[in-house]
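Reading through the structure tokens given below for one structure.
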């Protein structure tokens, strides 16, 4: 499925199956993707601020390169191997999300909520504004890779676990 530059703003796409779909540059502010299956999809440079991806399946290298995910909710989402490179996650909710082996190069985490999320083996190279994370209690950091200097210690002091 190719929905390049499509507008799904405010759309109810809960439980939709879009495996391997191309949603590059889509406009999906406030769209509801709760419980959706987007395995292997690409959403590069998408505008998805305030969208809901709670309990969605985004496994298999889903690519959000350069996307705006401001105030987007990923509570409980399955995001193994997801690519969140150069993504704005300002005030994003990633509580209890599975980000095992995710790539967060240059991602902005200002005021993000990460309680109970799994970052096992995640690549955190050049993570931006990590010291402005809103909450990281119970987040699992086992074997994180390329974390910025001081991140691991700061996260553990603020409730993260290994």
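Residue numbers (this note's numbering): 171 to 332.
All C-beta atoms in this analysis are idealised placements derived from N, C-alpha and C, irrespective of residue type, glycine included.
Terminal residues of the alpha helix (DSSP H) in which residue i lies
i, result
"residue 220", "Unbroken run through residue 220: none, as it is neither H nor E."
Distance between beta carbons of residue j and residue i, contact taken as under 8 Å
i, j, result
"residue 299", "residue 274", "At roughly 12 Å, the Cβ-Cβ gap does not stay under 8 Å, so residue 299 and residue 274 are not in contact."
"residue 218", "residue 237", "6 Å"
"residue 202", "residue 231", "That pair is no contact at about 23 Å."
Residue i burial status per 10 Å Cβ neighbour count (16 or more: buried)
i, result
"residue 320", "exposed"
"residue 221", "buried"
"residue 172", "exposed"
"residue 206", "buried"
"residue 229", "buried"
request  = Please go through the stretch 242 to 324 and give each complete beta strand (DSSP E) segment of 3 or more residues, from N-terminal end onward.
outcome  = none
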